[in-house]
Amino acid sequence: MASLITRKLDEAVKARLRVRAAQRGHSLEEEARRILTEAVADEADTASGVTLPEDVAGESTGTSIAPTLKARRVLLVIGGGIAAYKSLDLIRRLKERGAAVRVVMTEAAQQFVTPLAAGALAGQRPFTDLFSHADEFDIGHIRLARETDLIVIAPATADLMAKVAHGLAPDLAGAVLLATDKPVLMAPAMNPHMWAHAATRRNIETLRGDGVAFVGPNSGEMAERGETGRGRMAEPLEIVAAVEALLAPLRPLPLQGRRVLITSGPTHEPIDPVRYIANRSSGKQGHAIAAAAAAAGAEVTLVSGPVTVADPPGVNVVKVESAREMLAAVQSALPADVAVFAAAVADWGVEPQQQKIKKEKGGAPPQFALRENPDILSTIAHMTRGRPRLVVGFAAETNDVIANAKAKLARKGCDWIVANDVSHEGGVMGGDRNTVHLITAAGVDSWPTQSKQGVAAHLVARIASALEAKR
Ligand code: C5P
-13 MASLITRKLD EAVKARLRVR AAQRGHSLEE EARRILTEAV ADEADTASGV TLPEDVAGES
47 TGTSIAPTLK ARRVLLVIGG GIAAYKSLDL IRRLKERGAA VRVVMTEAAQ QFVTPLAAGA
107 LAGQRPFTDL FSHADEFDIG HIRLARETDL IVIAPATADL MAKVAHGLAP DLAGAVLLAT
167 DKPVLMAPAM NPHMWAHAAT RRNIETLRGD GVAFVGPNSG EMAERGETGR GRMAEPLEIV
227 AAVEALLAPL RPLPLQGRRV LITSGPTHEP IDPVRYIANR SSGKQGHAIA AAAAAAGAEV
287 TLVSGPVTVA DPPGVNVVKV ESAREMLAAV QSALPADVAV FAAAVADWGV EPQQQKIKKE
347 KGGAPPQFAL RENPDILSTI AHMTRGRPRL VVGFAAETND VIANAKAKLA RKGCDWIVAN
407 DVSHEGGVMG GDRNTVHLIT AAGVDSWPTQ SKQGVAAHLV ARIASALEAK R
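Mapping of the sequence shown onto this note's numbering: residues -13 to 457, in sequence order.
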């Protein structure tokens, strides 16, 4: 009956129903059936004056789930098997524990579940095609393989396992698995005869030897009528437990329980509704610090100017435009244990016009009186009450890097300055690498040129040990 109903629905309603079904891991028809059942039950309850308690009426909503995977990145490769429908639930379970989930789907997987459903649950479009221009320019298989903490293959079909065991890369999933240097967890799902086959046994041995971890398969009834045995994919919560075990920190994370506030990116100072003053900051360094602090267990607020880099996982991102908005956002994000001011804040702005300034024929160009913006770093570093215990500023210098940065440290009242040598490598702004000196009361540490992620990891490690020493 449900399929008859959904066929007659108009396209807009059907599209919304499809997303709703995907979010709950149901088919379109199943979702329609549940909505009808609930509506009829509601009507009956209202008529009888009965209100069911929450735990009887449906799924309990009150349980809070511990964010055991906060700021962890999982790349889920969905293979082509009937168990793929359980992978939709797996996405939801991983996300509700705080993980950022990217999805790669094989062509066969798309025969069982749609990219629309996987994307609706993951909160971002799944990746499906090795030769997609858009995907390769946007992320690319190498970045997919590396920008993750763990790769989970669920369901891992006999075919996919064979390909990985032999290093074949005929599609995006294969290329990602060959290119990765991250741990891999497989949740096999296949017919018991395929699982028991000598070829599969050999592949499992090879994969184990390559360091691949396994969860399941379980024994039980197969999707094919009358087939039982070992080959059912592990349940989503079993896979989650295996993910947690693989990603669990061996000791408490160094910034566990600390609040870290970070500014990043440029500011845009409005001139009129369509024009603004900007600078070339990309936000890559500040965002990398936010990601590293979150991965170190901190509760991170990132106040970001307009950037195109993605929000780091597990971070509370507050988006602002102007220096004044940035100061207000920083002040309302306090208190914090540590504040890192990596943003390239515009030193000056203008009094913005409410309407677009028109170019008059033959008229003189408009004149702007620049007004000084608040110095956010200096304002926070000079707070007499509620000042973060560690205030870190950045300084971009082209000459006399260390002398200038030391003077800035004193002037701004911060504890540390990260001095960027912007004369290096044809410019730091927008680039992926950085050469910095860390200036503290104890002296100057010059770090080798490295990726912005490398700088972020070093800085976060220094912050963690400074806080530990202050304790
Ligand atoms: O004075 P200068 O712009 O070189 O100082 C750089 C440092 O000061 C950076 O940490 C930057 O985030 C911060 N800053 C600020 N507010 C401003 C200007 C700079 O927080 N208006």
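The beta carbon of each residue, even a glycine, is placed where N, CA and C say it ideally should be. A quick note: this is a predicted structure, and the numbers were derived from the prediction, not measured.
Sort out for me which residues DSSP pairs residue i with in a bridge.
i: H183; result: Answer by DSSP bridge pairing: none, since H183 is not bridged.
i: H423; result: A405 and S432
i: L376; result: V324
i: P238; result: For P238, which the question treats as bridged, DSSP gives no partner whatsoever.
i: F113; result: V90
i: S437; result: R419
i: D145; result: None; D145 has no bridge partner.
i: E383; result: D407
i: D258; result: R261
i: L232; result: For L232, which the question treats as bridged, DSSP gives no partner whatsoever.
i: E224; result: Answer is none; E224 lacks a bridge partner.
i: K305; result: S290
i: V59; result: For the sequence presented, residue 59 should be read as Arg rather than Val. R59 pairs with A86.
i: A199; result: L171
i: G335; result: R357
i: A330; result: P252
Could you tell me if residue i is buried or exposed, where buried requires 16 or more neighbouring beta carbons within 10 angstroms of its beta carbon?
i: I128; result: exposed
i: H152; result: exposed
i: E285; result: buried
i: G66; result: buried
i: V170; result: buried
i: F98; result: buried
i: D135; result: buried
i: N385; result: exposed
i: G197; result: exposed
i: E191; result: exposed
i: G300; result: buried
i: A85; result: buried
i: E337; result: exposed
Going by alpha carbons, who is nearest to residue i out of the options?
i: L395; options: R79, V378 and V441; result: V378
i: L80; options: N265, G272, T100 and A57; result: A57
i: L208; options: N177, R194, V198 and G202; result: It is Met, not Leu, that sits at residue 208 in the sequence shown. The shortest C-alpha separation from M208 is found at N177.
i: N220; options: L233, A85, A155 and V201; result: The question names Asn, but residue 220 in the sequence shown is Ala. Looking at the Cα atoms, V201 is the closest of the given residues.
i: Q339; options: S451, R2, A18 and R261; result: R261
i: T143; options: P352, Q110 and S73; result: S73
i: P101; options: A70, S409 and A231; result: A70
i: V229; options: V60, E311 and I263; result: V60
i: V441; options: A276, N204 and R2; result: A276
i: A282; options: F327, A234 and I343; result: A234
i: S432; options: I403, G372 and V336; result: I403
i: A274; options: E133, K344, A264 and Q110; result: E133
i: D258; options: Q341, R375, A443 and G195; result: Q341
i: P222; options: V316, F327, R78 and E454; result: R78
i: L445; options: A350, A325 and E82; result: A325
i: V408; options: R194, D401 and T435; result: T435
What first and last residue would you give for the alpha helix (DSSP H) that runs through residue i?
i: R397; result: V387 to K398
i: K344; result: It is not in any alpha helix (DSSP H) - K344 carries neither H nor E in the DSSP assignment.
i: R79; result: A70 to E82
i: L366; result: For clarity, residue 366 is Ile in the given sequence; the question names Leu instead. First-last of the alpha helix (DSSP H) with I366: I362 to A367.
i: R132; result: G126 to R132
i: I51; result: Note, I51: premise wrong, no alpha helix (DSSP H); not H, not E.
i: Q271; result: K270 to A281
Less than 7 Å between C-beta atoms, sequence neighbours within five positions excluded: which residues of the same chain meet that for residue i?
i: G251; result: S267, G269, G272, S290, G291, P292, V293 and A329
i: V303; result: L288, S290 and D297
i: A405; result: A381, E383, V387, I388, A391, V422, H423 and I425
i: S437; result: D418 and R419
i: I225; result: L76, V138, A140, A173 and V201
i: A452; result: L376
For residue i, collect the residues of the same chain with a Cβ closer than 8 Å to its Cβ; drop the 5 residues on either side in sequence, then sort them by chain order.
i: G399; result: S364, A367, H368 and V377
i: V42; result: Summary for V42: the model assigns pLDDT 29, below 50, so the residue's position carries little reliability; its value from the coordinates is reported in the next sentence. Within the same chain, V42 has no close Cβ partners at all.
i: E93; result: G66, T114 and D157
i: T186; result: A144, M147, A148, M176 and M180
Over the uninterrupted beta strand (DSSP E) stretch that includes residue i, give me the two end residues.
i: A103; result: No beta strand (DSSP E) holds A103; the alpha helix (DSSP H) holding it covers P101 to A108.
i: E285; result: E285 to S290
i: T214; result: T214 to R218
i: M172; result: V170 to P174
i: G206; result: N204 to E207
i: L164; result: Careful: L164 lies outside any beta strand (DSSP E), inside the alpha helix (DSSP H) at L158 to A165.
i: I248; result: R245 to S250
Return the chain-ordered list of same chain residues with a C-beta closer than 6 Å to the C-beta of residue i, the five sequence neighbours on each side being excluded.
i: V89; result: L62, A104, A108 and P112
i: R244; result: A284 and D323
i: L146; result: G65
i: K149; result: G160
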